[in-house]
Amino acid sequence: SKTTVEECSVHRLGGVCVVALDSRGVHLSRGDSSPTLLSALQHSALHDTLADVHYKVVILACDMPFVLERQQGFHGLKSAARQGPRSWSSSHPEELETLLVSLFEWKHAQYPEREVVLVSGGLGFGTVGDICDHRLELSIPVVITGPTLGRVCEPAQWKMQSTLPGGRFSYAYRNPVDSWNFCTIAIDLAASRHQPTVEVQLVDAPVPEGTAWPDSAPPPKGSAAALGRSGP
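Numbering of the sequence shown is given in our numbering, commencing with residue 1060 and proceeding in unit increments.
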């Protein structure tokens, strides 16, 4: 499309479909005026994916977390720009609820023959957990992964478990890993006649001792930081 720079893609692998969402393309195309996180094209791709009766497993990957909320009153970082990306649950809660309803209803329609996995990255730590739908009494696995190379961040500003507004959905993550990591998803559609086997795992490797990053270097002599003062 001439009016968008989004990079959404759909990968069909037999009974498995991987949809890579782009939460930034629509805003780069329209500025910050868009009321939705995803464009109409991406919502249409999701609708078509869930309408295809051949899929047993749907994996959604996104450049920002689906469910993760900040601790109230957290002041660990002065600059909002350094607090990492927002999440669906904090920036577009209504759009997230619509997405979760459609995903859980899709799974429920042919349970236990269907599964959904949500994967995202970009926060500087890796963890796995579950999102629960208390109305349908189902859960789906959710993953936050990375970095594979880069600074590992503490998750202190984030709630590792919480209930979303309305009370229908909640999430809970396990203790994050303090190392470089990536996610693997093993899928076996033939393990059971009526239920696919989906195993999500974080593979981690320790950050080499002595690793440093440019922004962690000592401040120049005479700077405000070196003199114990905060900058403007």
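Ideal Cβ placement from N, Cα and C applies to all residues, glycine included. Computed from a predicted structure; not experimentally measured.
Restricting to Cα atoms, I'd like to know which of the options is closest to residue i.
{"i": "Ser1238", "options": "Ile1118, Asp1247, Thr1204, Gln1254", "result": "Thr1204"}
{"i": "Asp1192", "options": "Gly1180, Val1075, Gly1225", "result": "Gly1225"}
{"i": "Met1219", "options": "Leu1100, Leu1208, Leu1127, Leu1248", "result": "Leu1127"}
{"i": "Ala1120", "options": "Asp1263, His1253, Leu1248, Thr1243", "result": "Thr1243"}
{"i": "Gln1131", "options": "Gly1073, Ala1215, Arg1252", "result": "Ala1215"}
{"i": "Leu1097", "options": "Leu1109, Ala1079, Tyr1114, Gly1074", "result": "Ala1079"}
{"i": "Gly1074", "options": "Asn1234, Glu1172, Trp1147", "result": "Glu1172"}
{"i": "Pro1124", "options": "Gly1269, Glu1196, Ser1150", "result": "Ser1150"}
{"i": "Leu1197", "options": "Ala1168, Val1112, Ala1099", "result": "Ala1168"}
Please go through the same chain and pick out, in chain order, the residues whose beta-carbon is closer than 8 Å to the beta-carbon of residue i, but skip the five residues on each side of it.
{"i": "Phe1228", "result": "Val1126, Glu1156, Leu1159, Ile1190, Cys1191, Asp1192, His1193, Thr1222"}
{"i": "Val1176", "result": "Val1116, Val1117, Ile1118, Leu1119, Ile1199, Pro1200, Val1201, Val1202, Ile1244, Val1257, Val1259"}
{"i": "Thr1108", "result": "Val1069, Cys1076, Val1078, Tyr1114, Val1117"}
Evaluate residue i with the Cβ neighbour count: other Cβ atoms within 10 Å of its Cβ, from every protein chain shown; 16 or more gives buried, anything less gives exposed.
{"i": "Ala1104", "result": "buried"}
{"i": "Val1201", "result": "buried"}
{"i": "Arg1252", "result": "exposed"}
{"i": "Glu1213", "result": "exposed"}
{"i": "Gly1180", "result": "buried"}
{"i": "Gln1101", "result": "buried"}
{"i": "Glu1268", "result": "exposed"}
To the nearest angstrom, how far is it from the Cα of residue i to the Cα of residue j?
{"i": "Val1266", "j": "Gly1185", "result": "13 Å"}
{"i": "Tyr1230", "j": "Ser1068", "result": "26 Å"}
{"i": "Asp1263", "j": "Phe1241", "result": "7 Å"}
{"i": "Pro1255", "j": "Lys1166", "result": "12 Å"}
{"i": "Ala1039", "j": "Trp1272", "result": "Only positions 1060 to 1291 of the chain appear in this structure, which leaves residue 1039 out of reach."}
{"i": "Arg1129", "j": "Ala1250", "result": "39 Å"}
{"i": "Arg1145", "j": "Val1236", "result": "20 Å"}
{"i": "Leu1195", "j": "Phe1163", "result": "8 Å"}
{"i": "Arg1233", "j": "Gly1183", "result": "15 Å"}
{"i": "Val1211", "j": "Glu1065", "result": "28 Å"}
Within its chain, find whatever has a CB closer than 6 Å to the CB of residue i; leave out the 5 residues flanking it on each side and keep chain order.
{"i": "Val1077", "result": "His1070, Ile1118"}
{"i": "Trp1147", "result": "Phe1125, Leu1155"}
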